[in-house]
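Report on the structure given below.
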Amino acid sequence: MQFGLSESQEFLKDSARKFFAGECPIAEVRRLMDTATAYDPKLWSKIVEQGYTGIIFPEEYGGVGLGKVELILLMEEAGRALLPGPFFSTVVLAGVLIDAVAIPEKKKKYLAPICRGEARSTVAVLEASASWDPAALEITGASGKLTGEKLFVPDAAVSDFMVVVARDGVFAVDAKASGMKIAPMESMDLGRKLYTIQFNNTPAERVGDTAALLRAFDVATAALVGEMVGGMQRSLEITVDYAKMRKQFGKPIGMFQAVQHQCADMYLETESSRSAAYYAAWALEENAPNASVAVSIAKMYASDACRTVGNRGIQIHGGMGFTWENDLHLYYRRAKSSETMFGDAGFHRERIARQVIDSAANLAKSA
Amino acid sequence: MDLNLTTEERLFRDELRVWLEANSPKDWDQWREKPIEESFEYLRAWQRKLYEGGWAAVSWPKEYGGRSASLMQQAIFWEEMARVEAPPMVNSLGLGLIGPTIIAYGTQAQKERFVPKILSAEEIWCQGFSEPNAGSDLAALQTEARSSGDHYIVNGQKVWTSYGWVGDWCELVVRTDAEVAKHKGLTVLLVDMRSKGVEVRPLRQMTGESEFNELFFRDVRVPVENVLGKVNDGWNVAVSTLMHERGSYGARLHLLFKRSINRLIELSHTFQKNGHTAAQDAVTRQKLAQCYAEIEIMRWNQMRAFSRMSATGIPGPEGSIQKIFWSELNQRVQQIAQEMMGPYGQLLAGDSHAVDKGIWSYGYLRTRGNTIEAGTSEVQRNIIGHFVLGLPRSY
């Protein structure tokens, strides 16, 4: 049993860290935040050159064919860099969903261009109810046309096609399709722009059914937790550096236990989130029977932890932490967006409860 | 990353399972509720059996009667022991902490004299570390050992000594030089508990039991050949002992906690809350799910730490997060038990209305000590702050 990274996994993580540090330093993040879409074609083409857009997809569609653990490591580094733009929506949302639900012919049409970096995309799930339960969705696409409104769709404005989760299937909609209106939602995370999409008899192509939907959501959720871990790690580092440097009463504030113990808790929360993210990725890769619970555990824990880590980090920075100039609020904003995406801690606690409390009789047997 | 057992690990586990199946006592249930004074010889016999099977100290080198087991194998050992609900080993301090320290620091004569009898439980060991005025600040200890020819004369008091009442030998940390900085004047002595001037008193704790003792030393003579390691190098020897405290033993906690949460989940279907079962109560469900999740995360944290320790060879300060994590989690598990049981939660063993023979009221009180014993949460956070994060020492 070896719950550490292999040499090649370490290499991938390390090179991703260097890549993002070089191509997307925090000054670049801030520049993109202030643009309408947070999308930069030059950065995008460099990401594509790295092969990141095809990282976990099969080689027959132009992917690299790596596993879920590798995806999570890449997302961890993207999260650490606070990568803006449509990488998450294209690869983790659209790519993963198409890979899970589509027949080969549709994968050739939609997944291959994602792998090659030619297409950017996103997934539209939530409706006005803001429920992640597929049964709560109202929009249907059986007629080949979509009508209705999707909300909280990341990076829709720069997507070449949208993947729409409807009640009765998963559909692809071309960005230039008729009867579609995309409008920005003003939200906290300035690097991950959200949009509403209105469909009015918009032509849509069915790419698959919803049977594998939850499985795809689990993979995307685990990848999101990986990204959250990267954000927590960076928030921790920024805070510890500050606590070493900032002096009050003639001493570095990190010398005071009231500060130091908060840093220790940030470390505990970050490492525990990382353990859960890695385990979930491994369980998904191995198709372990507890994979779905493991994903919920990871998302539950990290959803609370990424907020708490942010709270502690900002508190330790004092007044400086409350300024726009300090980077912590950028991570804090991303943390909020990530906390709610695919369900917050309460949602996942209930999901865990359904699997372990409501089936307590089965559980007792297997223990 | 591969969380499947290797062939070697599987063989180890299977061999152990077969052995435990054949040898673990089937009548432990009749003994476990009794005070340890009564079950002590029963438990000593159990350790003797493990020793004869070659399972008493799997982590020890083969030449000392162990199996030179890898850290993962050690973790498997504790998991399997917990899985069959095997009784504890009475010489746990000797096996887990003191034996490895003697193997690391002892002279050839000390190893030959002490190590085999630790394994067989023929001699029980206790630890004389904490003092009334030296808890977290262990190096401030005051028990003194004065050199007197071929002996040391020991005077002082120790506290929180597990197995003191039954101890044959004690790993005792004493001050041999009061003139130098506090860490530099310490020495570790191996003390015969039957020496003249040693007095052992029970220390009654908030649960009502006396798991621990107070030890009093009045002009106790300890021969110089019983110095462990070098004179005035006792801090390093003692720290080496404490590092073992955070070893693979924690691997058993996952199964113990899992058993608790599974039982609470079972009980949630019978206790009433807000007009329906606790299992149907939204708040209770959330809290049970939270504990269930954290118990899994505790295991994943441990597995990651074991993997890292396997790679580096030594238990690192990251072990501090395990201590904080399990001790605080254990308290939360007990808290949700209390919330679910309402007034029943307070009933003690012996009351006819007590749930599960009072284990939950006992657990509630006993887990209060978890964040204090084996290094308080505050000390663990200091260790993380200073040794892991590189913040300046705060004390």
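Each protein sequence line maps, in turn, to chains A and B.
Each residue of the first sequence is one higher than the one before, starting from 1 at the first, in the working numbering.
Each residue of the second sequence is one higher than the one before, starting from 1 at the first, in the working numbering.
Each residue gets a CB set at the ideal place from its N, CA and C atoms; glycine is no exception.
Alpha-carbon to alpha-carbon, residue j and residue i
i, j, result
"residue 399 (chain A)", "residue 283 (chain A)", "As shown, chain A starts at 1 and ends at 367. That puts residue 399 (chain A) outside it, with no answer to give."
"residue 23 (chain B)", "residue 87 (chain B)", "12 Å"
"residue 238 (chain A)", "residue 328 (chain A)", "8 Å"
"residue 88 (chain A)", "residue 287 (chain A)", "23 Å"
"residue 58 (chain A)", "residue 64 (chain B)", "52 Å"
"residue 68 (chain A)", "residue 388 (chain B)", "29 Å"
"residue 38 (chain B)", "residue 121 (chain B)", "16 Å"
"residue 17 (chain A)", "residue 83 (chain A)", "11 Å"
"residue 333 (chain A)", "residue 190 (chain A)", "8 Å"
"residue 292 (chain B)", "residue 213 (chain A)", "26 Å"
"residue 65 (chain A)", "residue 9 (chain A)", "14 Å"
"residue 280 (chain A)", "residue 222 (chain A)", "6 Å"
"residue 245 (chain A)", "residue 324 (chain A)", "20 Å"
"residue 118 (chain A)", "residue 176 (chain A)", "16 Å"
"residue 289 (chain B)", "residue 358 (chain A)", "11 Å"
"residue 227 (chain A)", "residue 104 (chain A)", "29 Å"
"residue 174 (chain A)", "residue 154 (chain A)", "16 Å"
"residue 102 (chain B)", "residue 9 (chain B)", "28 Å"
"residue 339 (chain A)", "residue 303 (chain A)", "5 Å"
Cβ-based neighbour list, residue i, same chain, cut-off 7 Å, excluding 5 preceding and 5 following
i, result
"residue 61 (chain A)", "107, 108, 111, 112 and 115"
"residue 188 (chain A)", "333, 336 and 337"
"residue 182 (chain A)", "156, 157, 195 and 197"
"residue 29 (chain B)", "none"
"residue 349 (chain A)", "300"
"residue 71 (chain B)", "248, 306, 309 and 310"
Chain B residues whose Cβ lies nearer than 8 Å to that of residue i
i, result
"residue 252 (chain A)", "391 and 392"
"residue 268 (chain A)", "321, 324, 325 and 384"
"residue 349 (chain A)", "285, 286, 289, 290 and 293"
"residue 243 (chain A)", "391"
"residue 5 (chain A)", "1"
Cβ neighbours of residue i in the same chain (closer than 8 Å, five flanking residues each side left out)
i, result
"residue 256 (chain B)", "82"
"residue 3 (chain B)", "303"
"residue 316 (chain A)", "239, 242, 243, 253, 259, 262 and 263"
"residue 69 (chain B)", "12, 58, 59 and 77"
"residue 365 (chain A)", "Note that residue 365 (chain A) has pLDDT 44, beneath the 50 cutoff, so the model's placement of it is unreliable and the number below is only indicative. Once the five neighbours on either side are set aside, residue 365 (chain A) has no close Cβ partner at all."
Cβ-Cβ distance between residue i and residue j below 8 Å
i, j, result
"residue 186 (chain B)", "residue 232 (chain B)", "yes"
"residue 167 (chain B)", "residue 125 (chain B)", "yes"
"residue 150 (chain A)", "residue 203 (chain A)", "no"
"residue 380 (chain B)", "residue 324 (chain B)", "yes"
"residue 250 (chain B)", "residue 326 (chain B)", "yes"
"residue 151 (chain B)", "residue 237 (chain B)", "no"
"residue 308 (chain B)", "residue 230 (chain A)", "no"
"residue 216 (chain A)", "residue 100 (chain A)", "yes"
"residue 371 (chain A)", "residue 124 (chain A)", "Residue 371 (chain A) lies beyond the range of chain A shown here (1 to 367); nothing can be said about it."
"residue 98 (chain A)", "residue 207 (chain A)", "yes"
For residue i, the three-state DSSP class (helix, strand or coil)
i, result
"residue 113 (chain A)", "helix"
"residue 154 (chain A)", "strand"
"residue 175 (chain B)", "strand"
"residue 198 (chain A)", "strand"
"residue 211 (chain B)", "coil"
"residue 122 (chain B)", "coil"
"residue 160 (chain B)", "strand"
"residue 395 (chain B)", "coil"
"residue 325 (chain A)", "coil"
"residue 385 (chain B)", "helix"
"residue 152 (chain B)", "strand"
"residue 334 (chain B)", "helix"
"residue 276 (chain B)", "strand"
"residue 396 (chain A)", "The shown model of chain A, from 1 to 367, leaves out residue 396 (chain A), and the question about it has no answer."
"residue 190 (chain B)", "strand"
"residue 233 (chain A)", "helix"
"residue 147 (chain B)", "strand"
Within chain A, the residues that residue i reaches when beta carbons sit closer than 8 Å
i, result
"residue 39 (chain B)", "By Cβ distance, chain A contributes nothing, its closest Cβ being about 26 Å from residue 39 (chain B), past 8 Å."
"residue 136 (chain B)", "Near residue 136 (chain B) there are no residues of chain A at all, since even the closest Cβ is about 12 Å away, more than 8 Å."
Amino acids of chain B, ordered along the chain, whose beta-carbon sits closer than 7 Å to that of residue i
i, result
"residue 346 (chain A)", "286"
"residue 300 (chain A)", "293"
Own chain residues within Cβ distance below 6 Å of residue i, not counting five before or after
i, result
"residue 294 (chain A)", "279, 280 and 283"
"residue 391 (chain B)", "385"
"residue 160 (chain B)", "130 and 212"
Closer than 7 Å at the beta carbon, the chain A residues around residue i
i, result
"residue 67 (chain B)", "Chain A residues near residue 67 (chain B): none, gap ~17 Å exceeds 7 Å."
Cross-chain neighbours of residue i in chain B, by beta carbon under 9 Å
i, result
"residue 9 (chain A)", "1"
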